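See below for the structure under consideration.
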Amino acid sequence: MDIIVGIDLGTTNSEVAILRDGQPHVCTDEDGDPILPSFVGLSEDGRLLVGKAARNQWVLAPERTVKSIKRKMGQDVKVNLGDQEYRPQEISAMILKVLKDRASRELGAEVKKAVITVPAYFNDAQRQATREAGELAGLEVVRILNEPTAASLTYDPSQTALRRMLVYDLGGGTFDVSIVQAQEGVVEVLSSHGDTQLGGDDFDELLFNHVCDRFQQEHGVDLKANLVTRARVLMAAEAAKRHLSYHPFARIEEEFIAEKEGQPLHLNLEVSRSEYEAMIQSQLDRTMDCVQRSLDDANLIASSIDKMVLVGGSTRTPRISQLLEERLGQPAHQEVNPDLCVAMGAGIQAGIIAGENVGAVLVDITPHSLGIKCLDDSAGFMNENKFARIIHRNTPLPTSRSDVFHTYRDRQTEVEINVYQGESEDVRRNHRVGRFMVEGLAPVPAGNQIVVQFDLNLDGILKVTARERATGLQKQVTIENALARFEREERDAARERLQRLWLPEEPFPGAEEDFEEDYEEDIEEPAEGEVPELSPGPREGQREAVQARALLEKAERLIERVSPEDRGEVERLCANVRTALTDRQWDKVAKACDELADVLFYLEDA
Ligand code: AMP
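In this note's numbering, the protein residues as written are 1 to 606.
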């Protein structure tokens, strides 16, 4: 069988993937890094540098470094590298050669053939230049593949049924949105829009400007004036941007960043996610306009899209999936690593051409959202059961996410953290997996910030940390088996529902809510520092509690039409049931229920 590799030749980064046991695998460098920055340079002593080394010297030696060559592909131009001039395909060939060698090393045999991806909007000249670049690197280019098509292959490699996917691709320098239709292995790009000057680099620049402005205000020093300082701040801003994808705050710290009157100045600034999101909002709005145009061009409405897929490193900014979900009314998928998705799809296509068996990409994800219960008065009334998601469903594992919450009352010195799993906006319809208290908070006015962090590993162990931001006071619990629990509870709940069908009473309205509530109440409060235990199976007393609630409801309905004497008796029997329920004395609950059921039976027939 032919060896064919799949290559994502990107503006900012490039990767090469091969198919191994039906699964795409992205080849790595000696450090285990799958990403090759698309930078080519010459070192001071004239050596050719490709990748990280070239990227690292770019700010200091731009005359000896070439970046974003993809933007020039297909143009009749030359770029300078040292004292030589090169055509864009020659520079791209240098990148391709490194990827080819990387894959050959992993496979233990020379790679001679490749599938290379290009943006859907690339014209013939650009495609031809890409093909030439491959040939210059010693590769026969067996297919030029559209990037959105490659991305769609990672989510649905067989593509037999008719499916339409919207692929939103936001990288470092460019943005594309495409609508891809696939059926019986024939894939068509129905429409594609984009902006070749919009991407993560712009977001870095906005954050960078914000940091420089703040520093200028505070110290009267312009950080943009010096090239090296500029590069340091820009890199720190990029790192902060990444951090803000998972956490509500990021601290930008650079020591000895400048000098004033002979004194060293340090950069130390905190940025919140909401501040950052406001900075990039207009850029994101532009991408949403492109989404709408793509739908219009394909003559489709949002609901005709079967799947929405996120590609490109910048799509890790959570605001993007939020906006898309609002616009399209369905979840955005980014289970397949958005940096590697296109390369993996190219690897899948390469495998298909080589005649290999290809399976859907396997990724470990959390099948349910995890979050906490909180108060929410944004709709003009107090909702005490709001589910605030911290880890969203389909997030690849392991993952670490945090969000910030506020105390509601003045001088509130404790908060209860209730951890839930599920998809409903109302926690009562979800499943509580743990609960703990954080005590000893500072007695300050309402609005004290509490950062709640979830760390979920591949084994389903969830570490929940709540930290008072102002003081650093924190408390943590570990919840074992946070992934499996839902299935088990769902199974138990289904079993309970079935059991309920066998109860002598008629079906009762609102039984489901009652059941959920009851279920929730029954979780034991863990002692200080203790790991909350997960219930191993159906709870003790669960059946009695469900039956009791059903009877109490029935009694409430019947009590209106009974005589005053009977009413007193019913109220007494109801009180017995409630007391037994409160005391969790299940024998007594069952006995009190029997007595109440007898009377209700008599009253119903009367
Ligand atoms: P790509 O061109 O697809 O490799 O994407 C590169 C861009 O993704 C760069 O601008 C990165 O800063 C950005 N990026 C990578 N990781 C994250 C992240 N966690 N949050 C936000 N942007 C990111």
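Backbone N, C-alpha and C define an ideal beta-carbon position, used for all residues, glycine too. Treat the numbers as computed from the prediction; the structure is a model and nothing was measured.
Quick check: what's the CA-CA separation for residue i versus residue j?
{"i": "R401", "j": "I390", "result": "6 Å"}
{"i": "R230", "j": "L310", "result": "31 Å"}
{"i": "S424", "j": "A250", "result": "30 Å"}
{"i": "V16", "j": "G347", "result": "8 Å"}
{"i": "T117", "j": "C27", "result": "16 Å"}
{"i": "E356", "j": "D306", "result": "27 Å"}
{"i": "G510", "j": "E553", "result": "Only weak support is given to the placement of G510: the predicted model assigns it a pLDDT of 32, under 50, and the value that follows is read from those uncertain coordinates. Their backbone Cα atoms lie some 9 Å apart in a straight line."}
{"i": "Y276", "j": "Q197", "result": "20 Å"}
{"i": "R87", "j": "E218", "result": "47 Å"}
{"i": "S563", "j": "L603", "result": "10 Å"}
{"i": "A236", "j": "A120", "result": "33 Å"}
{"i": "D213", "j": "H431", "result": "46 Å"}
{"i": "D29", "j": "D339", "result": "16 Å"}
{"i": "T12", "j": "V221", "result": "31 Å"}
{"i": "P445", "j": "L295", "result": "48 Å"}
{"i": "N394", "j": "M308", "result": "13 Å"}
{"i": "C630", "j": "E439", "result": "Absent from the model: residue 630. The displayed extent of the chain is 1 to 606, so no value can be given."}
{"i": "A590", "j": "E556", "result": "19 Å"}
Got a sec: does ligand 1 put a non-hydrogen atom nearer than 8 Å to the Cβ of residue i?
{"i": "T317", "result": "yes"}
{"i": "P338", "result": "yes"}
{"i": "G6", "result": "no"}
{"i": "I391", "result": "no"}
{"i": "E238", "result": "yes"}
{"i": "T12", "result": "yes"}
{"i": "S424", "result": "no"}
{"i": "S378", "result": "no"}
{"i": "L234", "result": "no"}
{"i": "R242", "result": "yes"}
{"i": "D195", "result": "no"}
{"i": "I69", "result": "no"}
{"i": "F641", "result": "Residue 641 lies beyond the range of the chain shown here (1 to 606); nothing can be said about it."}
{"i": "G51", "result": "no"}
{"i": "G199", "result": "yes"}
{"i": "S245", "result": "yes"}
{"i": "E35", "result": "Residue identity differs from the one stated: residue 35 is Ile in this sequence, not Glu. Yes, the Cβ of I35 comes within 8 Å of a heavy atom of ligand 1."}
{"i": "V477", "result": "no"}
{"i": "S274", "result": "no"}
Based on Cα-Cα distance, which residue from the options lies nearest to residue i?
{"i": "A597", "options": "V180, L284, W586, V570", "result": "V570"}
{"i": "E560", "options": "L600, D8, G41, K70", "result": "L600"}
{"i": "K241", "options": "R64, F122, D202", "result": "D202"}
{"i": "Q330", "options": "R316, F208, V444, M165", "result": "M165"}
{"i": "Q453", "options": "D339, A470, Y246", "result": "Y246"}
{"i": "V50", "options": "D76, S14, T471, I18", "result": "S14"}
{"i": "N209", "options": "L81, E384, E238, E480", "result": "E238"}
{"i": "I91", "options": "Q57, E132, T395", "result": "E132"}
{"i": "K70", "options": "V40, Q84, A61", "result": "V40"}
{"i": "P318", "options": "L295, P248, P264, Q263", "result": "P248"}
{"i": "Q349", "options": "G10, T12, R20", "result": "R20"}
{"i": "D455", "options": "P34, A446, A555, A482", "result": "A482"}
{"i": "A125", "options": "R102, G134, Q75, D83", "result": "Q75"}
{"i": "G138", "options": "L145, I95, D169, S68", "result": "I95"}
Below 8 Å on the Cβ atoms is my guess for residue i versus residue j; work out the distance and round it to an integer in Å.
{"i": "K113", "j": "I257", "result": "That belief does not hold up - the Cβ atoms of K113 and I257 are roughly 49 Å apart, past 8 Å."}
{"i": "Y142", "j": "V115", "result": "In the sequence as presented, Tyr is not what sits at residue 142; that position holds Val. About 6 Å separates the two Cβ atoms, so the contact holds."}
{"i": "A548", "j": "L573", "result": "Not confirmed; about 11 Å, so no contact."}
{"i": "V415", "j": "I450", "result": "6 Å"}
{"i": "L362", "j": "N457", "result": "With 8 Å as the limit, L362 and N457 do not qualify as a contact, their Cβ atoms being about 17 Å apart."}
{"i": "T373", "j": "N418", "result": "Sequence check: residue 373 is Lys here, not Thr. Right, their Cβ atoms sit about 4 Å apart."}
{"i": "A151", "j": "Q183", "result": "That belief does not hold up - the Cβ atoms of A151 and Q183 are roughly 17 Å apart, past 8 Å."}
{"i": "V433", "j": "I461", "result": "Actually they do not touch by this definition, with Cβ atoms about 12 Å apart."}
{"i": "E147", "j": "I18", "result": "Not confirmed; about 18 Å, so no contact."}
{"i": "D204", "j": "L234", "result": "6 Å"}
Return the first residue and the last residue of the beta strand (DSSP E) that residue i is part of.
{"i": "P264", "result": "263–272"}
{"i": "L81", "result": "79–81"}
{"i": "R435", "result": "431–439"}
{"i": "M94", "result": "Unbroken run through M94 is the alpha helix (DSSP H), 88–107; no beta strand (DSSP E)."}
{"i": "H25", "result": "23–26"}
{"i": "S337", "result": "Looking at the sequence itself, residue 337 is Asn, so the reference to Ser does not match. Unbroken run through N337: none, as it is neither H nor E."}
{"i": "Q159", "result": "Neither: Q159 is in no beta strand (DSSP E) and is coded neither H nor E."}
{"i": "Y168", "result": "163–170"}
{"i": "T399", "result": "399–406"}
{"i": "Y246", "result": "Where Y246 is concerned, there is no enclosing beta strand (DSSP E), given that its DSSP letter is neither H nor E."}
Need the endpoints of the alpha helix (DSSP H) that residue i sits in, please.
{"i": "H210", "result": "200–219"}
{"i": "Q322", "result": "318–328"}
{"i": "L456", "result": "That residue, L456, is in no alpha helix (DSSP H); its beta strand (DSSP E) goes 449–456."}
{"i": "N576", "result": "564–583"}
{"i": "R467", "result": "Where R467 is concerned, there is no enclosing alpha helix (DSSP H), although the beta strand (DSSP E) it sits in stretches over 462–468."}
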